[in-house]
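The listed protein sequences correspond, in order, to chains A and B.
In this text, residue positions in the first sequence follow the numbering used here: the first is 1153, and each later residue adds one.
In this text, residue positions in the second sequence follow the numbering used here: the first is 457, and each later residue adds one.
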Amino acid sequence: MKLETGNLKLGSHEFGSRLILGTGKFSNTETMIRAIEASGTELVTVALRRFNREKPDDDLCAPLAKLKNVTLMPNTSGAMNAKEAVRAAQLGRELSGSPFVKVEIHPNPHHLMPDAIETYIAAKELAADGFIVLPYIPADPVLAKKLEDVGCAAVMPLGAAIGSGGGLSTADMIQLIIRDSNIPVIVDAGLRAPSEAARAMEMGCDACLVNSAIAAATDPAAMAKAFALGVETGFAARNAGLMPKSEVAVASSPLTSFLG
Amino acid sequence: MKSKIANRQSSIVDLPSWLDPSPWLGKKFSARDVEQALGAESPNEDTLAALLSPAAADFLEPMAARAQALTRRHFGRTVQLYVPLYLSSYCPGGCAYCGFASDRDTERHKLSFEQVETELAALKKMGLEEILLLTGERTPQADFEYVLKCVELAAKHFHKVTIEVFPMSGKEYGQLAEAGCTGVTLYQETYHPDVYPEMHRWGPKSNMLERIKAPGRALAGGLRMAGLGTLLGLSDPLFDLIALYRHVRHLQKTRWQAGLSVSFPRIQNEAGGFLAPHPVSEKQLAQIVFAFRICLSDVPLVLSTRESAAFRDGMAGLGCNKMSVASKTTVGGYGDEGSEEGQFDVNDNRGVDEFCAMLRARELEPVFKNWDEVYR
Chain A
1153 MKLETGNLKL
1163 GSHEFGSRLI
1173 LGTGKFSNTE
1183 TMIRAIEASG
1193 TELVTVALRR
1203 FNREKPDDDL
1213 CAPLAKLKNV
1223 TLMPNTSGAM
1233 NAKEAVRAAQ
1243 LGRELSGSPF
1253 VKVEIHPNPH
1263 HLMPDAIETY
1273 IAAKELAADG
1283 FIVLPYIPAD
1293 PVLAKKLEDV
1303 GCAAVMPLGA
1313 AIGSGGGLST
1323 ADMIQLIIRD
1333 SNIPVIVDAG
1343 LRAPSEAARA
1353 MEMGCDACLV
1363 NSAIAAATDP
1373 AAMAKAFALG
1383 VETGFAARNA
1393 GLMPKSEVAV
1403 ASSPLTSFLG
Chain B
457 MKSKIANRQS
467 SIVDLPSWLD
477 PSPWLGKKFS
487 ARDVEQALGA
497 ESPNEDTLAA
507 LLSPAAADFL
517 EPMAARAQAL
527 TRRHFGRTVQ
537 LYVPLYLSSY
547 CPGGCAYCGF
557 ASDRDTERHK
567 LSFEQVETEL
577 AALKKMGLEE
587 ILLLTGERTP
597 QADFEYVLKC
607 VELAAKHFHK
617 VTIEVFPMSG
627 KEYGQLAEAG
637 CTGVTLYQET
647 YHPDVYPEMH
657 RWGPKSNMLE
667 RIKAPGRALA
677 GGLRMAGLGT
687 LLGLSDPLFD
697 LIALYRHVRH
707 LQKTRWQAGL
717 SVSFPRIQNE
727 AGGFLAPHPV
737 SEKQLAQIVF
747 AFRICLSDVP
757 LVLSTRESAA
767 FRDGMAGLGC
777 NKMSVASKTT
787 VGGYGDEGSE
797 EGQFDVNDNR
807 GVDEFCAMLR
817 ARELEPVFKN
827 WDEVYR
């Protein structure tokens, strides 16, 4: 029996895999490509600043563009504000031909926490300009709704800081985002283990975006496959109907027997 | 590392309190202290002092492992490359250790704008994408207008242009940012108030507090990135390194959008035969890099071609995530023959291809372009 995966719908596009991969931090392009293939992902994000048309062996865009069944989603990593992110998105679209953009604005280049205010401004402008916008955001349920209202195709709250391997440290907030969202919710950043990806999917996330945990693994391709299985398992478990959790044992002599 | 002059605190009061390293000098650390520092959840000056202590010299292997893990976590299995281009060797400064000091009997050179173009074209052909432009202190030969024009020329070809020149006004830094300059490198050389004047005998650089303020001014003026460092060998390394760490932390708190990096230049055989009064060995340098990676896990750490090929090979990805490559410290020298004597000796003379092959063999990806001109 094949596990239920369903399609991930982003704008007018559908993807068979619910795992999205980041492409930074790999030891070489071949390792990155093997990981992407092993994961079965159909959507990968790549930083505009790593596009290098003048030096093919330093360029991340061209080898990704050659992959069949994989859509490119340029990201604006490096942008410090909305203005820069919009410029980067436009250039990314021009160079890659992809309508997708991951809006990523982190004005502090050390902890890389997303700027909610600038992200909102950029996302609104890019959505109005016809982009399929996936913003990387703090796990803030109010911001998530505001981004939905301005036409984002999904929201991508962080599970923990980029590269931290902190897991789903924002789980409670992500649950609130999921509860009220009409667009896909994708956990982006922080995931360290496939079990955490499974947990995110069980909670109700629509997809997971993973980079560091795969790129920094001893065997990135094997880890990519493991994450794919984690995502698939969590999604299938959610669809199968998880048993309700209860901290109270059911008493053999019911407390309400007197009610008849 | 021993703090030989830890007790000479009479003039330390000259340092601002946010920089003063004296509370961390002269402390004794045990093996247990080092173990605790290695596992510190929120590293601070105490952690750094413990990891720089003689006791930590017995923990190089676990420090290296932790440094490697943190480097991978924040920067992946990559090493970012950059190249320096010396524009001019004119200098009014009296830095005792520098091959371009004004009392050195060396022929002075300056690249014409045409020569700058030739050099830029040669570097571009080598595939390099991040360029560091260098001069001495401000001179009529290489003044602000000259640097500005060189930045403009470089920004036409390179996505990332940074400078290591003389400290400027905030307005001038703003003009450079407009012209396409992303960052500034400004080494303090030494933070020790007694040693600083001995090493910077005359010229604009002899004003120690002015130099300390310059990186903050550059960031306030509009540059995004600042590279800090001390010239290891000039003074008590513990004094300088704690102060350096505190300088980085201060800028992180006061200029929260700044991208900071730390370099570890070390005096070996300077041009002109200057001998380091406080020599730092390769082992000590490795310990210093590991300690900084553990205490500043998300700050890029830089190692230049001052160091030997073997040492750089070993340190790649092991704390350091950014390296210069194919460097010449003579004025020019990439496109045409450079001048004869450089600012300091280069100990790793490998070309771009050879260096990248080494990185790839170590399963590290050389990254040439990690910035884009749209972010100017």
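Every residue, glycine too, gets a C-beta built ideally from N, C-alpha and C.
- The C-beta of Ala-1240 (chain A) comes closer than 8 angstroms to at least one C-beta of chain B.
- Taken in chain order, the unbroken stretches of beta strand (DSSP E) that lie wholly in the segment 1311–1389 of chain A and span 3 residues or more are 1338–1340, 1359–1362.
- Close CB contacts of Thr-595 (chain B) within its chain, under the 7 angstroms cut and outside five residues either way in sequence, are with Tyr-546, Cys-547, Pro-548 (chain order).
- Around the beta carbon of Trp-712 (chain B), a 10 Å sphere encloses fewer than 16 other beta carbons of the protein chains shown; the residue is thus reported as exposed.
- At a cut-off of 8 angstroms between C-beta atoms, Arg-1202 (chain A) counts as an interface residue with respect to chain B.
- At least one beta carbon of chain A lies nearer than 8 angstroms to the beta carbon of Arg-528 (chain B).
- Here Ser-764 (chain B) has Asn-803, Asp-804 as same chain residues with Cβ atoms under 7 angstroms from its own Cβ, once five neighbours each way along the sequence are excluded.
- A direct Cα-to-Cα measurement between Asp-514 (chain B) and Lys-739 (chain B) gives close to 11 angstroms.
- Beta-bridge partners of Lys-1254 (chain A) (DSSP): A:Asn-1227, A:Leu-1286.
- Against Gln-713 (chain B), the close residues of chain A are Met-1232, Pro-1259, Asn-1260, Pro-1261, in the order they occur along the chain (beta-carbon pairs closer than 9 angstroms).
- The beta carbon of Gly-1319 (chain A) does not come within 8 angstroms of any beta carbon belonging to chain B, so the residue lies off that interface.
- Under DSSP, the beta-bridge partners assigned to Lys-778 (chain B) are B:Gln-536, B:Val-758.
- Under the DSSP assignment, Thr-574 (chain B) falls outside any beta strand (DSSP E), being part of the alpha helix (DSSP H) whose first and last residues are 569–581.
- For Phe-1283 (chain A), there are no C-beta contacts with chain B under 9 angstroms, since the nearest C-beta of that chain is about 16 angstroms from it.
- Contact annotation, Met-1265 (chain A) with Leu-1286 (chain A): C-beta distance approximately 18 angstroms; criterion of less than 8 angstroms not satisfied.
- Contact between Ala-1306 (chain A) and Ile-1335 (chain A) holds: CB atoms are separated by about 5 angstroms, below the 8 angstroms threshold.
- In the structure shown, Phe-720 (chain B) falls within a coil segment according to DSSP collapsed to helix, strand and coil.
- In the displayed model, Lys-739 (chain B) falls within a helix according to three-state DSSP.
- The residue among B:Gly-482, B:Asp-476, B:Pro-472, B:Pro-518 with its C-alpha nearest the C-alpha of Val-490 (chain B) is B:Pro-518.
- Counting along the chain, Gly-685 (chain B) sits inside no alpha helix (DSSP H); it lies in the beta strand (DSSP E) bounded by residues 681–685.
- Counting only residues of its own chain and dropping the five nearest sequence neighbours on each side, Asn-1227 (chain A) has a CB closer than 6 angstroms to the CB of Thr-1197, Ala-1199, Lys-1254, Glu-1256.
- For the pair of segments examined, the segment 1350–1364 of chain A was found to touch the segment 1170–1183 of chain A: the number of CB pairs separated by less than 8 angstroms reaches three.
- Interface annotation for the segment 1178–1210 of chain A against chain B: Phe-1178, Ser-1179, Asn-1180, Leu-1200, Arg-1201, Arg-1202, Asn-1204, Lys-1207, Asp-1210, criterion Cβ-Cβ distance under 7 angstroms.
- In this chain, the beta strand (DSSP E) harbouring Ala-1199 (chain A) covers 1195–1199.
- Distances from the CA of Thr-710 (chain B) to each of B:Thr-686, B:Leu-675, B:Val-787 were compared; the closest alpha carbon is that of B:Leu-675.
- For the alpha helix (DSSP H) assignment, the uninterrupted runs of no fewer than 4 residues enclosed by the segment 628–658 of chain B are, from N- to C-terminal side, 651–655.
- Counting along the chain, the unbroken alpha helix (DSSP H) around His-706 (chain B) starts and ends at 693–710.
- Beta-bridge analysis with DSSP links Ile-587 (chain B) to B:Val-539, B:Val-617.
- When secondary structure is reduced to three states using DSSP, His-530 (chain B) falls in the helix class.
- Listed along chain A are Arg-1201, Arg-1202, Phe-1203, Asn-1204, Glu-1206, Lys-1207, Asp-1210, Asp-1211, each with a C-beta nearer than 9 angstroms to that of Lys-825 (chain B).
- DSSP lists no bridge partner for Ala-1291 (chain A).
- Taking the CA atoms as reference points, Ala-1231 (chain A) sits about 45 angstroms from Ser-486 (chain B).
- For Glu-1348 (chain A), no chain B residue has a Cβ inside 7 angstroms of its Cβ, as the nearest lies near 16 angstroms away.
- Rounded to whole angstroms, Arg-749 (chain B) and Val-621 (chain B) show a C-alpha spacing of 27 angstroms.
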